[in-house]
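Participant:
Chains as they are written, first to last, in my numbering: chain A, 11 to 412; chain B, 11 to 412.
#1: From 207(B), 164(B), 275(B), pick the residue whose C-alpha is nearest to that of residue 217(B); which is it?
#2: Assess, as a yes-or-no matter, whether the stretch 196-207 of chain A is touched by the stretch 42-58 of chain A under the definition of 3 or more beta carbon pairs within less than 8 Å.
#3: Output the residue ranges of the beta strand (DSSP E) runs that lie fully inside the stretch 354-399 of chain A and measure 3 residues or longer, sorted by chain position.
#4: For the stretch 248-255 of chain B against the stretch 295-305 of chain B, are there 3 or more C-beta pairs whose distance is under 8 Å?
#5: Looking at the C-beta of residue 100(A), does it have a partner C-beta in chain B at a distance below 7 Å?
#6: For residue 258(A), which of helix, strand or coil comes out of DSSP?
#7: Quick one: give me the first and last residue of the beta strand (DSSP E) that residue 132(B) is part of.
#8: Between residue 390(A) and chain B, is the shortest Cβ-Cβ distance under 7 Å, so that the two count as touching?
#9: Any beta-carbon of chain B closer than 7 Å to the one on residue 95(A)?
#10: Excluding the five sequence neighbours on either side, which residues of its own chain have a C-beta within less than 6 Å of the C-beta of residue 131(B), listed in chain order?
#11: Any beta carbon of chain B sitting closer than 7 Å to that of residue 280(A)?
#12: Beta-carbon separation of residue 65(A) and residue 370(A) under 7 Å?
#13: Give the secondary structure of residue 199(A) by DSSP, where H, G and I count as helix, E and B as strand, and everything else as coil.
#14: Check residue 170(B) in the structure and name its three-state DSSP category.
#15: Using a Cβ-Cβ cut-off of 7 Å, state whether residue 395(B) counts as contacting chain A.
#16: Select from the stretch 172-188 of chain A all residues with a C-beta closer than 7 Å to any C-beta belonging to chain B, and list them in chain order.
#17: Please check the pair residue 102(B) and residue 118(B), which I expect to be a contact at CB under 8 Å, by giving their CB distance rounded to whole angstroms.
#18: Considering only residues of the same chain and omitting the five flanking positions on each side of residue 112(B), which have a CB-CB separation below 7 Å?
#19: Residue 184(A) and residue 136(A) - do their beta-carbons sit closer together than 7 Å?
#20: Out of 303(A), 222(A), 343(A), 268(A), which one is the CA nearest neighbour of residue 83(A)?
#21: Of the choices 149(B), 212(B), 186(B), whose alpha-carbon is the least far from that of residue 180(B)?
#22: For chain A, is any of its Cβ atoms less than 7 Å away from the one on residue 14(B)?
#23: Along the stretch 356-390 of chain A, what residues have a CB closer than 9 Å to any CB found in chain B?
#24: Cβ closer than 8 Å: which chain A residues qualify as neighbours of residue 409(B)?
#25: For residue 30(A), tell me which candidate among 245(A), 126(A), 210(A), 286(A) has the shortest Cα-Cα distance.
#26: By a C-beta neighbour count over all protein chains shown, 10 Å radius and 16 as the cutoff for buried, is residue 49(B) buried or exposed?
#27: Buried or exposed: which applies to residue 319(B), given that a residue is buried once 16 or more other Cβ atoms fall within 10 Å of its Cβ?
#28: When the distance is taken between beta carbons, is residue 188(B) closer than 7 Å to residue 200(B)?
#29: According to DSSP, simplified to helix, strand and coil, what is residue 282(B)?
#30: Mind pulling the chain B residues with CB within less than 9 Å of residue 50(A)?
#31: Show which residues of chain A have a CB atom less than 9 Å away from the CB atom of residue 401(B).
#32: Can you say whether residue 12(B) is buried or exposed, counting buried as having 16 or more other CB atoms within 10 angstroms of its CB?
#33: Mind reading off the beta-carbon distance from residue 363(A) to residue 344(A)? Whole number of angstroms is fine, and I expect it under 8 Å.
#34: Quick check on the burial criterion: 16 or more other C-beta atoms within 10 angstroms. Buried or exposed for residue 227(B)?
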């Protein structure tokens, strides 16, 4: 039985259309009190409303009912991948999140500095949450580790966190965490869960032994644990699935990383929305598909700051005219999940989504908001089908079957 | 690829929330004439309407479009199990339905008394629908059967029906029915469909041989057939999937049995709705999840009695205030399937469902009925996802992926 991806591969056709997907992170919300409006419904969004009136709306279910996704599964869904099937391990996601581009032979793992007592037991699992600039110096020591036959890449993340990449042939990613998740005991040895990961585990243990020697005199960060060993996830690319030259325009490394995992080019070095729009304009001729990521709607939601999220949505609304001016064949506005200020975190609630094209069968929605989208023509649908809709509306999918 | 159940196992967190699921059996209905209202829409349900106004509504699809479920798949769906994957054999369901608690080594089978003629052919497949009190005496004779190495449990059900449990090691459940489904021929021998069920088939044939000897002089019930051999279904428990201490408050044995199959405790011995509410109140501190089952909406529908079903729905509505007074974190009202009086039986029509919590993103529904639910925020969804939504709304699921 062919999969949806098989259909994308088989039915894709090329044309001159441009598809733009605008992702306001954590866009969906909740009222703060019964009878109230959500953040999006409260915001003054004339441009999004006009787009909703011209286009078709709906609610996107990021994974499955009740499941609140992290950024990884949330974006993979929007990019057209079943987030239950395409899993990104913690190590791969961390590496991606700091802008390291994973290669096919890599195994990435997240490291934590910890404090070891004289007996070698963990006394602080986070090395006193050592400051980032201090941690950077310890990471530099780890960069001296040499292992036989593989390249070792170590990069600081933040505070006590760092990433290690083992790069070389024959490394499986199925190795157990060495973090015992408690104090008063020593770090665990790395243990492979399958034969293909035996060498990875051995290298990880050698890495830890050399590292321990290099940092043994550190006051706080004199030990380390490793979590979330993961190979580069095997994800078919945008080029393969959709035949699209795809560009990602994001400010935060995490979203650049996610986009690069599916084969998008990371373009520009924009630091805010206006710069992102400028990058979009500059690259308009070079690509077929543009993913533009806006982080601050999520950040305000995580902070529980309803008013700030409303304001961020209004900022986001303000870039719509410049984008419409470019004349995209398909313009999508959505989020990777909901982040209601009321819950101060990612949630499972379906995400307001709109799609505008010349053939999108408009519905009766005249505003862009949770309640309006509930009556929209896209209905409630799984995020993983959004790219198929984008392709269809761009005239980039031929008929299935004769 | 992880399943939805894997997510429930992995993401569950514990807190002090209480989840109440009220199931009005066969709740959904149909108008009796074009342009009319359904039973639920006709009923005066001020408390359900208020709950709908505060909560979120939708329509639950018990199995898949067009499929009318029996009580088994109907409830398994509501409990969060794919009813296509988790099948309960007829024997297991019958045993469960009369309150027999199945053990891991059991094979249960439904028996029918029949009338055999002098040549040993079936002349009446139901033994003249022998009265229950008369049948009970014949069942007592069957209880004298002794088989090597296994315990045999025989219990009367109703009229010509009874249940046999073979309890012992190494018994597979894949044995063909001995009921030839016609008269004028003898009962069939039990035949195993796999090697693991070979011994079950042999024991079943020994059981029949001894039973025939014990009841050969019965005027009507001088023979028997066996149908629906089934091992205890392997269903992960509520504790395992959801981390919930779950209680079932039901009047009828069938529903207690279904709840016990998924690991709920059967609490109280309530005989009507008010007693069920009292049992709920008494056990409020002891459990995290409560399943409360109301049978009579279905019974009235099966009778084709529209007015009686309306009245039963109003009785059901009357218990809502007492339940809300307990302050459940999540309160769900639904049915296991529709039983329209117009059809006098279970149907496939999606079932009105409402969910109330402090974070349920209310919709515009202000009444609880089929037509209102069609515009509800839960949309039309498969029943098997209802428990995930309950868990999410109770704050009992952490984020999927980083």
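Note that CB positions come from ideal geometry on N, CA and C, so glycine has one too.
Facilitator: Based on what the coordinates show:
#1: Answer by Cα proximity: 164(B).
#2: no
#3: 361-366, 389-392, all fully within the stretch 354-399 of chain A.
#4: The stretch 248-255 of chain B vs the stretch 295-305 of chain B: in contact.
#5: yes
#6: strand
#7: 132-134
#8: yes
#9: Yes, because at least one Cβ of chain B sits closer than 7 Å to the Cβ of residue 95(A).
#10: 194, 195, 196
#11: Not an interface residue.
#12: Their beta carbons are under 7 Å apart, which means residue 65(A) touches residue 370(A) by this criterion.
#13: coil
#14: coil
#15: For residue 395(B), the answer is yes, since a Cβ of chain A falls inside 7 Å of its Cβ.
#16: none
#17: That belief holds up - the Cβ atoms of residue 102(B) and residue 118(B) are roughly 5 Å apart, short of 8 Å.
#18: 102, 105, 106, 118, 242
#19: no
#20: 268(A)
#21: Comparing Cα-Cα distances from residue 180(B) to each of 149(B), 212(B), 186(B), the minimum goes to 212(B).
#22: yes
#23: Correct list: 356, 357, 358, 359, 360, 380, 381, 384, 385, 389, 390.
#24: Under the 8 Å cutoff, chain A gives 78, 79, 80, 355, 356.
#25: It is 286(A).
#26: buried
#27: Result: buried.
#28: It is a contact, given that the beta carbons lie within the stated cut-off.
#29: coil
#30: Correct list: empty, because the minimum Cβ distance to chain B is about 12 Å.
#31: 76
#32: Counting Cβ neighbours within 10 Å, residue 12(B) comes out exposed, since fewer than 16 surround it.
#33: 4 Å
#34: With fewer than 16 other Cβ atoms within 10 Å, it is exposed.
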